[in-house]
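First up is the structure itself, then whatever we jot down about it.
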Amino acid sequence: MPIRLHNTLTQQLEVFTPLHGNTVRMYTCGPTVYNFIHIGNLRTFTFQDILRRWLRYRGYALDHVMNITDVEDKIIASAARDHKTLAEYTAPYEQAFFEDCALLRLERPERVVKATDHILEMAEAVQTLKAKGCTYVSEGSTYFRIASFPEYGKLSHNNFDGIISGARVDVDEYDKADARDFVLWKARKGDEPFWHEPIGDGRPGWHIECSVMAMKYLGETLDIHAGGVDLIFPHHENEIAQSESITGKPFSRFWLHSEHLQIESQKMSKSLGNFYTLRDLFEKGFSPESIRFLLASVPYRKKLNFTFDGLKAAATAIERLRNFEDRLKTAKLPDQTAGAGAEELAARAAKAVAAFESSLDDDLNTAEALAAVFEFVRETNTTLDQDRFPEANRAGALNVLNVFDRIFDVLRPNEQVPGLRLDLLAQPESPVGLTDAEIERLIEARTAAKKARNFVRADELRAELVEKGILIEDTKDGVRWKRK
RNA sequence: GGCGCGGUAGCCAAGUGGUAAGGCAGAGGUCUGCAAAACCUUUAUUCAGCGGUUCGAAUCCGCUCCGCGCCUCCA
273 MPIRLHNTLT QQLEVFTPLH GNTVRMYTCG PTVYNFIHIG NLRTFTFQDI
323 LRRWLRYRGY ALDHVMNITD VEDKIIASAA RDHKTLAEYT APYEQAFFED
373 CALLRLERPE RVVKATDHIL EMAEAVQTLK AKGCTYVSEG STYFRIASFP
423 EYGKLSHNNF DGIISGARVD VDEYDKADAR DFVLWKARKG DEPFWHEPIG
473 DGRPGWHIEC SVMAMKYLGE TLDIHAGGVD LIFPHHENEI AQSESITGKP
523 FSRFWLHSEH LQIESQKMSK SLGNFYTLRD LFEKGFSPES IRFLLASVPY
573 RKKLNFTFDG LKAAATAIER LRNFEDRLKT AKLPDQTAGA GAEELAARAA
623 KAVAAFESSL DDDLNTAEAL AAVFEFVRET NTTLDQDRFP EANRAGALNV
673 LNVFDRIFDV LRPNEQVPGL RLDLLAQPES PVGLTDAEIE RLIEARTAAK
723 KARNFVRADE LRAELVEKGI LIEDTKDGVR WKRK
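Residue numbering for the first sequence follows my numbering, beginning at 273 and increasing consecutively.
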């Protein structure tokens with residue numbers, strides 16, 4: 273079954289295939305590094321990660337470029353306030369961004385590129401636009417004239433004919449010919465950083481960096497361009513105007529946009545005090561896997577209500593899957609079973625994988641994909657309970673989880689991921705560190721006491737273990753334990 | 001004013017014409033010396049409301065109510 277994705281350009285679900293061979297050329301708008309990224313940013317980056325993984329699962333190779341915006345008004349203002357250069361100011365946030373991504377298991381794009389490494393190309397692009405008659409200069413700054421691009425508005429489906437009453441048209445300090453014209457190259461101003469280029473002393477406008485870097489690395493027509501819904505207008509609309517004016521070709525075939533999330537049913541905003549970074553959530557004791565699971569569990573085009581109850585529910589759901597995996601790996605299984613045969617059970621696993629796949633093929637319907645997995649877990653647990661799950665089907669069942677985790681990636685706790693800052697995670701209180709051998713010895717003593725029907729002693733030993741953060745599970749296959 | 005989205009069980013949330021997925025919480029049960037953990041079962045005659053189309057609607061159409069987004073920096 274083919275992958276179908278919702279294209280903002282056409283407002284429809286379309287079958288996706290790359291333009292050239294097997295490689296998907298994808299560009300995503302990365303962070304502006306003037307602060308730590310927040311949970312809303314992470315929703316978008318998680319969506320892009322799921323998209324990456326699903327495209328690869330379906331056999332495509334990726335050439336994915338993500339930009340880092342490291343020159344921009346807020347950065348300039350903050351750097352000036354702190355008496356730092358742009359690079360001095362942005363470097364720590366850039367590093368923090370990659371740490372956050374690693375903690376959430378977000379795959380690194382094939383190329384991560386910075387705006388300040390492409391100033392020359394941007395200035396050249398502005399020159400090209402000037403030569404094509406798409407620009408004008410006002411007070412030293414160069415603007416893009418949207419009247420030169422008749423298709424302006426085709427992405428956001430805004431109609432700019434005539435006056436839009438009620439809209440707050442902000443004609444700022446610069447003298448723009450049309451309120452919607454946007455700046456390509458800002459004239460040098462005061463003490464602000466600037467570059468000396470033929471187009472003039474100054475710095476690039478925001479939108480031009482994405483057009484330039486995307487086309488430099490991926491060619492004139494991308495397969496996919498993605499970002500948050502807020503970028504549809506004006507950022508992506510402007511990217512289209514610039515890029516297509518330069519090349520005369522479609523800039524991107526697919527435009528994918530992820531919805532915003534809300535916090536406890538409210539808009540996330542600094543003034544409401546519900547503005548969370550990953551670090552904030554770690555301090556509250558939530559794990560990266562819980563956060564990733566919650567962010568991934570709601571299809572990307574739906575608003576996601578991000579709540580602390582939701583995070584707890586996500587943690588419990590992951591625990592259920594981990595328990596299931598553990599059971600599958602360690603259970604003693606019969607060679608022969610009555611009732612449902614190996615073939616039927618194999619078909620059940622195949623059906624679960626097929627349902628998982630078709631859900632994600634359908635515009636990345638992660639909620640439906642999860643349902644397929646949990647249904648399989650329940651069915652298989654039942655069969656295991658009945659001692660009717662044969663050894664021959666073990667691998668097939670584990671494969672369902674492997675397929676699931678290739679995309680969701682929440683079954684393994686964080687460990688040695690390069691660049692991973694485990695120190696940022698809230699450490700669970702483990703008052704006393706018992707070695708495995710010590711734990712085993714205490715459990716053996718308890719088992720012996722139980723056998724001797726000395727339940728007082730057995731309960732003492734159990735209490736001691738619980739106190740030290742060890743969870744005892746008496747199963748019919750013997751005692752299992754795990755650290756809490 | 002323009003464009004667009006949404007209102008499904010206590011909470012989160014699939015489903016866009018064929019008779020309500022899944023997760024969490026709750027309740028009951030299995031297991032156990034008792035527990036815990038784990039697992040199982042169960043939980044919406046109903047999909048904001050009112051009309052309409054249809055053999056049949058949560059799904060299509062109209063109206064009403066409520067919430068939200070973009071049109072301005074923003075994931």
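Even glycine gets a Cβ: it sits at the ideal position worked out from N, Cα and C.
{"Query": "Between the C-alpha atoms of residue 408 and residue 568, what's the straight-line distance to the nearest angstrom?", "Result": "44 Å"}
{"Query": "In terms of residues, what are the limits of the alpha helix (DSSP H) holding residue 629?", "Result": "614 to 633"}
{"Query": "Hey, residue 275 and residue 330 are a contact pair by Cβ (cut 8 Å); roughly how many whole angstroms apart?", "Result": "6 Å"}
{"Query": "So the alpha helix (DSSP H) residue 364 belongs to, where does it begin and stop?", "Result": "358 to 375"}
{"Query": "Would you mind reading off the limits of the beta strand (DSSP E) that contains residue 751?", "Result": "750 to 755"}
{"Query": "With DSSP collapsed to three states, give me the class of residue 221.", "Result": "Within the shown structure, residues of the chain are numbered from 273 to 756, placing residue 221 beyond reach of any answer."}
{"Query": "Should residue 479 and residue 430 be called a contact, given that it needs their Cβ atoms to be closer than 8 Å?", "Result": "no"}
{"Query": "Give the secondary structure of residue 411 by DSSP, where H, G and I count as helix, E and B as strand, and everything else as coil.", "Result": "coil"}
{"Query": "Just the Cα atoms here: how many angstroms apart are residue 527 and residue 416?", "Result": "22 Å"}
{"Query": "Is it right to say residue 635 is buried, meaning 16 or more other beta carbons lie within 10 angstroms of its own, or is it exposed?", "Result": "buried"}
{"Query": "What is the DSSP secondary structure of residue 329, reduced to helix, strand or coil?", "Result": "helix"}
{"Query": "Could you have a look at residue 541 and say whether DSSP puts it in helix, strand or coil?", "Result": "coil"}
{"Query": "Just reading off the alpha helix (DSSP H) that residue 588 is part of, what are its end residues?", "Result": "580 to 602"}
{"Query": "So, is residue 657 buried or exposed, given that buried needs 16 or more other C-beta atoms within 10 angstroms?", "Result": "exposed"}
{"Query": "Give the DSSP-derived three-state secondary structure of residue 476 in the structure shown.", "Result": "strand"}
{"Query": "Of all the options 293, 465 and 714, which has the alpha carbon lying nearest to the alpha carbon of residue 733?", "Result": "714"}
{"Query": "Output the distance between the C-alpha atoms of residue 534 and residue 546, rounded to the nearest integer angstrom.", "Result": "9 Å"}
{"Query": "Going straight from the alpha carbon of residue 507 to that of residue 341, what length do you get?", "Result": "13 Å"}
{"Query": "Taking its Cβ as the centre, do 16 or more other Cβ atoms sit within 10 Å of residue 463, making it buried, or is it exposed?", "Result": "exposed"}
{"Query": "Bridge partners for residue 289 per DSSP, in chain order?", "Result": "Paired residue(s): none; residue 289 is not in a bridge."}
{"Query": "Locate the beta strand (DSSP E) running through residue 455, then write down its first and last residues.", "Result": "454 to 459"}
{"Query": "Could you pull the DSSP bridge partners for residue 297 from this structure?", "Result": "335"}
{"Query": "In terms of DSSP beta bridges, what is residue 277 paired with?", "Result": "286"}
{"Query": "Please report how far the alpha carbon of residue 300 lies from the alpha carbon of residue 334, in whole angstroms.", "Result": "13 Å"}
{"Query": "Taking the beta strand (DSSP E) that residue 526 falls in, what are its first and last residues?", "Result": "524 to 530"}
{"Query": "State the Cα-Cα distance for the pair residue 294 and residue 493, rounded to the nearest angstrom.", "Result": "15 Å"}
{"Query": "Express the C-alpha separation of residue 367 and residue 585 in angstroms, rounding to a whole number.", "Result": "31 Å"}
{"Query": "For residue 386, report the span of its beta strand (DSSP E) as first-last.", "Result": "383 to 386"}
{"Query": "For residue 786, which option in 564, 401 and 750 has the closest C-alpha, if you only look at C-alpha atoms?", "Result": "This structure does not reach residue 786, given that the chain is present from 273 up to 756, and the question cannot be answered."}
{"Query": "What's the call for residue 544, buried or exposed, on a 16-neighbour Cβ count within 10 Å?", "Result": "exposed"}
{"Query": "Alpha carbon to alpha carbon, how far is residue 529 from residue 598?", "Result": "37 Å"}
{"Query": "In three-state DSSP terms, what is residue 443?", "Result": "Model confidence at residue 443 stands at a pLDDT of 41, short of 50, so the residue's coordinates are unreliable and nothing is read from them."}
{"Query": "Taking the alpha helix (DSSP H) that residue 664 belongs to, which residues open and close that run?", "Result": "Taken as a continuous stretch (DSSP letters only), residue 664 belongs to no alpha helix (DSSP H), as it is neither H nor E."}
{"Query": "Going by C-alpha distance, which of 630, 576 and 474 is nearest residue 316?", "Result": "576"}
{"Query": "What residue range does the alpha helix (DSSP H) around residue 514 cover?", "Result": "509 to 519"}
{"Query": "Rounding to the nearest angstrom, what Cα-Cα distance links residue 386 and residue 647 in this structure?", "Result": "44 Å"}
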